[in-house]
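Numbering (the UniProt record's numbering), first residue to last: 1 to 242.
Just so you know, even glycine gets a beta-carbon here, dropped at the ideal spot from N, CA and C.
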Amino acid sequence: MLQLLYHVLLSRLRISKMPNRKQVKFFFDVISPYSYFGFEGITRHRTVWKTPIQMKPFFFAGVVRHTENPGLPLRVPIKEKYMHKDLLFSAQYWGIPFRLPKDYTNVMLNTSSIVPQRILVAAQLRDNALMEDVARALWHRFYAYGKPIFTKSQVAEVLRDLHVKNSDELLMMSDSAEVKNILRENTDEAIGNGCFGAPWMHITDNHGKVLQTVFGSDRLPQVADFLDEPFKGPMREKKQNA
Ligand SMILES: N[C@@H](CCC(=O)N[C@@H](CS)C(=O)NCC(=O)O)C(=O)O
């Protein structure tokens, strides 16, 4: 009995000693250019934040389908015109080489990103840093060189350029039930918390309770403030792809 009491007290003590650290989950899809900016912004801030950041590849089309979001900027001509300019403006801010790929709106609205997103999940199962390298390289290929990134062979070229070991295994893994489930779970997790767009973030407490949901790469200053962390602007000196 005394022993039981001792263990209960000890576990209580351990819980109360745990720092009450918030965490960020960052949901993104390579089909979303604003995810690219947010991805760069948040990963650059990792060097100055203590807050753990979890990167979550999800399926943007699944979100759009679920929410029946009629407000996608590329579907509204006046917003489309603005967005084309805003992407260049924002890319300049983040120091990202960027030009609009040919036939951009059409490609964005009519191409599926399921293949690269599943490959990112497979890469993350191996190693999160690998996943981030692949995501960054996919965006770089699309926006710096205008080359497509949506089929297996296109992604395979990126893996080859990055000298990824056993890349065939990774591509095969991306068709597994495990990978498909994780991508679906990540998407459902965002949808379950009110997601309608990308990038999307959850700020949670250290028990995983969602304290704040956030839409957009342009909300990083508010995210930093909520986390009690510094916002250092675009940190262009940290850019990896020139
Ligand atoms: N102001 C946001 C815009 C983000 C944005 O427009 N994301 C697109 C995908 S690339 C989206 O999810 N749009 C849905 C909507 O605007 O309802 C930012 O700077 O990141």
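Considering residue i, what are the terminal residues of the alpha helix (DSSP H) in which it resides?
{"i": "Ile182", "result": "177-192"}
{"i": "Ala156", "result": "152-161"}
{"i": "Leu170", "result": "167-173"}
Grouping DSSP H, G and I as helix and E and B as strand, with all else coil, what is residue i?
{"i": "Gln240", "result": "coil"}
{"i": "Pro33", "result": "helix"}
{"i": "Lys56", "result": "strand"}
{"i": "Met131", "result": "helix"}
{"i": "Thr47", "result": "coil"}
{"i": "His140", "result": "helix"}
{"i": "Met235", "result": "coil"}
{"i": "Ile96", "result": "coil"}
{"i": "Thr111", "result": "coil"}
{"i": "Pro221", "result": "helix"}
{"i": "Ser90", "result": "helix"}
{"i": "Leu120", "result": "helix"}
{"i": "Ile149", "result": "coil"}
{"i": "Pro101", "result": "coil"}
{"i": "Asn69", "result": "coil"}
{"i": "Pro230", "result": "coil"}
{"i": "Ala198", "result": "coil"}
{"i": "Val64", "result": "helix"}
{"i": "Ser16", "result": "Because Ser16 carries a pLDDT of 49, less than 50, the predicted location of this residue cannot be relied on, and no value is offered for it."}
Since residue i sits in a beta bridge, which residues does DSSP pair it with?
{"i": "Ile203", "result": "Val24, Gln212"}
| task | Report yes or no: do the stretch 164-173 and the stretch 111-127 share at least 3 C-beta pairs separated by less than 8 Å? | result | Contact holds: three or more Cβ-Cβ distances are below 8 Å.
| Can you find at least 3 beta carbon pairs, one from the stretch 187-203 and one from the stretch 18-32, that sit closer than 8 Å? | Short answer: they touch.
| said: Using 8 Å as the cut-off, can you tell me whether the stretch 39-58 makes contact with the stretch 98-113, which would need three or more C-beta pairs spanning the two stretches below that distance? | reply: Taking 8 Å as the limit for Cβ pairs, the verdict is that the stretch 98-113 does not touch the stretch 39-58.
| Can we say the stretch 26-34 touches the stretch 68-81, given the rule of at least three CB pairs closer than 8 Å? | Not touching, per the Cβ criterion.
| message | With a threshold of 8 Å, are at least 3 pairs of Cβ atoms found where one atom belongs to the stretch 37-48 and the other to the stretch 225-242? | response | Segments in contact, yes.
| task | Inspect the CB distances between the stretch 134-152 and the stretch 87-103 and report whether three or more fall short of 8 Å. | result | The answer is yes - the stretch 87-103 touches the stretch 134-152, with three or more Cβ pairs under 8 Å.
| field | Touching by the beta-carbon criterion (3+ pairs, under 8 Å), the stretch 223-230 and the stretch 80-95 | value | As far as the Cβ criterion goes, the stretch 223-230 does not touch the stretch 80-95, which means the pair count is below three.
| Are there three or more Cβ pairs, one per stretch, closer than 8 Å when the stretch 84-92 is compared with the stretch 148-167? | With a cut-off of 8 Å, the stretch 148-167 and the stretch 84-92 do not count as touching, because too few Cβ pairs lie within range.
| Cβ contact (3+ pairs, closer than 8 Å) linking the stretch 125-140 and the stretch 154-169 | Because the criterion of three Cβ pairs below 8 Å is met, the stretch 125-140 and the stretch 154-169 touch.
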